[in-house]
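Protein chains: 2
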Amino acid sequence: MPNRGIKISCEECTTFNCFVKQASPEWLAKISQFKNQVVYPKGQYIFTEGSPVFGAYFILSGQVKVVSSVFSGKQNIVRLASDGHMVGHKGIGHETYNIGAVALQDSRICFVSNELLYDAFLNNPHFTIEVMMFYSKELRKSETRSKYFAQMTTEEKVAYAILYTYETLQDHDEDGLPCIFLSRQELAELAGTNAEQVSRSITTFKNDGLISPEGRCVKILQLKGFHQLLSPYDQFI
Amino acid sequence: MPNRGIKISCEECTTFNCFVKQASPEWLAKISQFKNQVVYPKGQYIFTEGSPVFGAYFILSGQVKVVSSVFSGKQNIVRLASDGHMVGHKGIGHETYNIGAVALQDSRICFVSNELLYDAFLNNPHFTIEVMMFYSKELRKSETRSKYFAQMTTEEKVAYAILYTYETLQDHDEDGLPCIFLSRQELAELAGTNAEQVSRSITTFKNDGLISPEGRCVKILQLKGFHQLLSPYDQFI
DNA sequence: CGTGCTTTTGAATAGTATCAAGGCCGGTGG
DNA sequence: CCACCGGCCTTGATACTATTCAAAAGCACG
Numbered sequence: 001m002p003n004r005g006i007k008i009s010c011e012e013c014t015t016f017n018c019f020v021k022q023a024s025p026e027w028l029a030k031i032s033q034f035k036n037q038v039v040y041p042k043g044q045y046i047f048t049e050g051s052p053v054f055g056a057y058f059i060l061s062g063q064v065k066v067v068s069s070v071f072s073g074k075q076n077i078v079r080l081a082s083d084g085h086m087v088g089h090k091g092i093g094h095e096t097y098n099i100g101a102v103a104l105q106d107s108r109i110c111f112v113s114n115e116l117l118y119d120a121f122l123n124n125p126h127f128t129i130e131v132m133m134f135y136s137k138e139l140r141k142s143e144t145r146s147k148y149f150a151q152m153t154t155e156e157k158v159a160y161a162i163l164y165t166y167e168t169l170q171d172h173d174e175d176g177l178p179c180i181f182l183s184r185q186e187l188a189e190l191a192g193t194n195a196e197q198v199s200r201s202i203t204t205f206k207n208d209g210l211i212s213p214e215g216r217c218v219k220i221l222q223l224k225g226f227h228q229l230l231s232p233y234d235q236f237i
Numbered sequence: 001m002p003n004r005g006i007k008i009s010c011e012e013c014t015t016f017n018c019f020v021k022q023a024s025p026e027w028l029a030k031i032s033q034f035k036n037q038v039v040y041p042k043g044q045y046i047f048t049e050g051s052p053v054f055g056a057y058f059i060l061s062g063q064v065k066v067v068s069s070v071f072s073g074k075q076n077i078v079r080l081a082s083d084g085h086m087v088g089h090k091g092i093g094h095e096t097y098n099i100g101a102v103a104l105q106d107s108r109i110c111f112v113s114n115e116l117l118y119d120a121f122l123n124n125p126h127f128t129i130e131v132m133m134f135y136s137k138e139l140r141k142s143e144t145r146s147k148y149f150a151q152m153t154t155e156e157k158v159a160y161a162i163l164y165t166y167e168t169l170q171d172h173d174e175d176g177l178p179c180i181f182l183s184r185q186e187l188a189e190l191a192g193t194n195a196e197q198v199s200r201s202i203t204t205f206k207n208d209g210l211i212s213p214e215g216r217c218v219k220i221l222q223l224k225g226f227h228q229l230l231s232p233y234d235q236f237i
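Taken in order, these protein sequences are the chains called A and B. Numbering follows UniProt numbering, in which position 38 of the first sequence is assigned residue number 38; successive positions increment by one, without gaps. Numbering follows UniProt numbering, in which position 89 of the second sequence is assigned residue number 89; successive positions increment by one, without gaps.
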């Protein structure tokens, strides 16, 4: 069960890149007052596919995967998100958009209702512009991704998935080496392939000295190697 | 060469869904005054890949394809757009984003500089929110697309490309039947495959009575059939 | 020490890209 | 008016890549 604990207000929150920080002091206080904050344990759904979303979720700290299934069972990772990112905002319109969000780590997440958010947008142009730019950038990433995915081999897609995961979640092991904690299945859902192919690709990368898999955790030894692999697809991410 | 002709002001423009219409009367007048308007003939580049974009283009009337190439030669259609749509806005930041836009038909297009646009955003919350929602929706479409493309067969991708083209451009022949005017190559660039596969799929669709190809123009006889084909991938577009 | 889950590896299959050739159509020039 | 040419479209054959199916190995957990 989500732990409620003590609520961290927007004023004392140190997640510097949170969009809400763009609002005026009064509005920051207002949002802080009315926002809902929950700590979701690892593996927990923040919101599920199919159920309506009545606002936006801002990640104060933690990691989240945004998922969406094609057929029954066939899941797909649409996006990864961490501190300061926004998930679940589906606009003021009420069309359905079947996505869910799952915590990859224990995550403290603030919920702001659509009504409050819309009011804040109307009264805080910088805030609105910031969110607009966020969407604009995400759109570009997504377009770039689908454009390149049409041309990439499976191995390149897996390389992309590894690189994207690291660049988005910025995980490190105890030695400070970049690494990622997703399962083969999760990497497959991100790369648009299956767990077997991911395993094969990971073996290849290991033999090439790019990574060092330790159980399910994958240490990245040569970030440069991945950039080289993906160099035909320039200006990625 | 682009024909400049007589400029249609925002006040007298009848493109009802143009975002600029959301601005206040004063700002509408201001944008109208400073905007640049050009009629691009069919086939002409509105802006080219690689060159910086200094503002946003609003399509007053016409049809545009937004393209992006992976390697040399390998082009890709990222998006189609028609009346009222916006293309080329790359945000205030100056990261490069290698896309180009080509007119599919003679198109009258208004250009608004980044500076003016930003000022308008700051002073017209409804305008900004509208643009934000546009990005949000496009992002969803793009995510849905890349999610489904990973699972679809080539034939389904071609079906999607045909349906998307019709729903976006809304072309009709002299009898009022829905039809599309893209070449096989263009459909391939939209579907993420090659012209040969598009041709094969089109033959299948013809044999199933879904379409009636007349030269390069493709008449759609049964829109329902395409929706059925794509029904595993619900709530598309 | 088994049980179940994830990962790895192998072999068979199916689907798609590529290559190649021929057909159709419109435009150009003789 | 007709022949030729080039572009686009269609169709077939082939090769290859990736998915699927299957099985064994590794690992955590009770």
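Just so you know, even glycine gets a beta-carbon here, dropped at the ideal spot from N, CA and C. Note that this is a predicted model, so its numbers are computed, not measured.
Under the 8 Å Cβ criterion, the segment 141-149 of chain B does not count as touching the segment 45-65 of chain B, having fewer than three qualifying pairs.
Distances from the alpha-carbon of Arg184/A to those of Met132/A, Arg216/A, Thr153/A and Gly100/A put Arg216/A closest.
Annotation for Gly225/A: the continuous alpha helix (DSSP H) segment containing it runs Leu223 to Leu229.
Phe226/A is not a Cβ neighbour of Leu182/A, given a cutoff of 8 Å. In the structure shown, Ala23/B falls within a coil segment according to DSSP collapsed to helix, strand and coil. Here the alpha carbons of Pro25/B and Asn17/B stand approximately 16 Å from one another. Looking only at Ser82/A, Phe71/A and Val218/A, the smallest Cα-Cα distance to Gly62/A is reached by Ser82/A. The segment 109-127 of chain A and the segment 35-42 of chain B do not touch, with fewer than 3 CB-CB distances between them shorter than 8 Å. From the beta-carbon of Ser136/B, the residues of chain A found nearer than 8 Å are His89, Lys90, Gly91 and Tyr135. Judged by DSSP secondary structure, Arg184/B falls within the alpha helix (DSSP H) whose first and last residues are Arg184 to Ala191. Taking Gln22/A as the centre and dropping the five residues before and after it, the same chain places the C-beta of His126, Phe127 and Glu130 closer than 6 Å to its C-beta, in chain order.
The alpha carbon of Gly55/B has as its nearest neighbour, out of Asn36/B, Ser68/B and Phe71/B, the alpha carbon of Asn36/B.
DSSP, reduced to helix, strand and coil, places Phe111/A within a strand of the structure shown. Within the segment 99-171 of chain B, the runs of alpha helix (DSSP H) at least 4 residues long that lie entirely inside it are, in chain order, 114-123, 125-149 and 154-169. Taking 7 Å as the Cβ-Cβ cut-off, the segment 143-163 of chain B approaches chain A at Glu143, Arg145, Ser146, Lys147, Tyr148, Phe149, Ala150 and Gln151, given in chain order.
With a threshold of 8 Å between beta carbons, Val102/A makes no contact with chain B. Beta-bridge analysis with DSSP links Asn194/A to no other residue. Annotation: Cβ neighbours of Leu139/A in chain B (cutoff 7 Å, chain order): Tyr135, Glu138, Leu139 and Ser142. Residues of chain A whose Cβ lies closer than 9 Å to the Cβ of Ile180/B do not exist; the shortest such Cβ separation is about 20 Å.
Listed by position along chain A, the residues whose Cβ is nearer than 9 Å to that of Ser68/B are Glu143, Thr144 and Lys147.
Between the segment 157-174 of chain A and the segment 187-194 of chain A there are three or more C-beta pairs closer than 8 Å, enough to call the two in contact. Judged by their CB atoms, Leu177/B and Lys219/B are nearer to each other than the 8 Å cut-off. Within 10 angstroms of the beta-carbon of Ile6/B lie fewer than 16 other beta-carbons, which makes it exposed. Around Phe121/B, the beta-carbon contacts reaching into chain A at under 9 Å are Pro125, Thr128, Ile129 and Met132. The residue among Ile8/B, Ile59/B, Cys13/B and Ile31/B with its C-alpha nearest the C-alpha of Leu169/B is Ile59/B. Counting every other CB atom within 10 Å of its CB across the protein chains shown gives Ser231/B a total below 16, marking it as exposed.
Between Val67/A and Gln75/A a beta carbon distance of about 5 Å is seen, short of the 8 Å cut, so the two are scored as contacting. Arg79/A: member of the beta strand (DSSP E) spanning Gln75 to Ser82, first to last residue. A Cβ of chain B is located within less than 8 Å of the beta carbon of Asn76/A. Looking at Asn123/B, Ile109/B and Pro213/B, the one whose alpha-carbon comes closest to that of Glu115/B is Asn123/B. When rounded, the separation of the alpha-carbon atoms in Asp208/A and Lys30/A is 54 Å. A check of alpha carbon separations from Leu223/A across Thr165/A, Ile8/A and Leu104/A identifies Thr165/A as the nearest.
Looking at the DSSP output, Ala56/A bridges to Val112/A. Residues of chain B with a Cβ closer than 7 Å to the Cβ of Pro232/A are, in chain order, Phe71.
Listed in chain order, the positions of the segment 182-209 of chain B with a beta carbon within less than 7 Å of a beta carbon of chain A are Gly192. Close CB contacts of Trp27/B within its chain, under the 7 Å cut and outside five residues either way in sequence, are with Ala120, Asn123 and Asn124 (chain order).
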